[in-house]
Amino acid sequence: MIEILNADELRRARAAGGLVAEILSTLRARCAVGTNLLEIDRWAKDMIVEAGAQSCYVDYAPSFGRGPFGHYICTSVNDAVLHGLPHDYALADGDLVSLDLAVSLGGIAADSALSFVVGESRPAGSVALIETTERALAAGIAAAGPGGRLGDISHAIGSVLSGAGYPVNTEFGGHGIGSTMHQEPHVPNTGRPGRGYRLRPGLLLALEPWVMADTDELVTAEDGWTLRSATGCRTAHSEHTIAITDDGAEVLTLASR
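This is how it looks when you write it as structure tokens:
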């Protein structure tokens, strides 16, 4: 199902996006050496509940996971890149952390992710991984506009990722979003311009470039959820929810909103 949102739904989407951005910004500021992943999950829960919103993850039970997810945020560390299940682990100096959060507010969902390094250490390649996903996300947003094609976005993202020398996995990528967290269309992180679904005002997309340093192969951890790099290399993940408008693309999950 592909949803096209009306003006009232877009207003609610902006509110949901602003909440996601606020929570992620707060969590990033709180994360430090010694912070436990379960603390992060509790903080996310408290802020979601206080805002009168609903978690898109706690009851999430897709076919590929060992569901329901049972937590309020994805916390992926170092070689974990997607669907990181919060567990009893205290962050160490130099850990590369990705936080992925989706909430529904007023019946509309928003989804965003960010990656950062904890503490003072900067292990080799970690900052480059993060910056590459952020540049790819910016390129994808710049390529999104009414009348364009989905392949334009995928091509822009993939050009940055592969241009930086990283392999690109197309099994998981961006997606449509609206009254539910995951909808059609799927937005691969590489593709051919001028191909695919034609973008229309009112369409919401969650764009999420992610990379692994030296592989495009994922493995599932024993928890049944966390996806890790097959080689144990480090990973990074950046994501924003955008709305296609008459003039281009509006980013709904910016912390400055």
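Counting from 502, one number per residue, gives the positions in the sequence shown under this note's numbering. C-beta atoms are modelled at their ideal positions from N, C-alpha and C, and glycine is treated no differently.
Using DSSP's beta-bridge definition, name the partner residues of residue i.
i, result
"GLY519", "GLY519 pairs with nothing; no bridge assigned."
"TRP711", "HIS738"
"GLY677", "GLN684, LEU706"
"ARG650", "ARG699"
"VAL669", "Per DSSP, none; premise fails for VAL669."
"ILE743", "LEU706, VAL752"
"ASP601", "CYS575, ALA614"
"SER663", "Answer by DSSP bridge pairing: none, since SER663 is not bridged."
"ALA591", "ASN537"
Would a C-beta distance cut-off of 7 Å place residue i and residue j closer than the cut-off?
i, j, result
"GLY697", "GLY652", "yes"
"LEU753", "ALA644", "no"
"LEU538", "HIS588", "yes"
"ILE609", "ALA514", "yes"
"LEU662", "VAL712", "yes"
"GLY675", "GLU709", "yes"
"LYS546", "TYR590", "no"
"ILE654", "GLY646", "no"
"GLY679", "LEU705", "yes"
Starting from residue i, follow the beta strand (DSSP E) in both directions and report where the run begins and ends.
i, result
"THR721", "719–721"
"ARG729", "728–730"
"SER616", "609–618"
Label residue i either buried or exposed according to how many other C-beta atoms from any shown protein chain fall within 10 Å of its C-beta, with 16 as the threshold for buried.
i, result
"ARG699", "exposed"
"PHE565", "exposed"
"GLY664", "exposed"
"ILE745", "buried"
"MET682", "buried"
"GLY695", "exposed"
"ALA614", "buried"
"ARG735", "buried"
"GLY535", "exposed"
"ASP724", "exposed"
"SER730", "buried"
"SER622", "exposed"
"PRO668", "exposed"
To the nearest angstrom, how far is the alpha carbon of residue i from that of residue j?
i, j, result
"HIS656", "ASN670", "13 Å"
"GLY666", "GLY749", "29 Å"
"THR721", "LEU728", "5 Å"
"ALA522", "GLY733", "30 Å"
"ALA533", "ILE549", "21 Å"
"PRO624", "GLU672", "28 Å"
"ASP601", "ALA629", "19 Å"
"GLY518", "GLN555", "13 Å"
"PRO569", "ALA562", "4 Å"
"ALA714", "GLY585", "18 Å"
"VAL598", "HIS687", "25 Å"
"ILE503", "VAL578", "32 Å"
"ARG512", "GLU751", "12 Å"
Could you please give the first and the last residue of the uninterrupted alpha helix (DSSP H) stretch that includes residue i?
i, result
"SER564", "That residue, SER564, is in no alpha helix (DSSP H); it is neither H nor E in DSSP."
"THR634", "627–643"
"ASP580", "First-last for ASP580: undefined, no H or E at that position."
"ALA545", "538–551"
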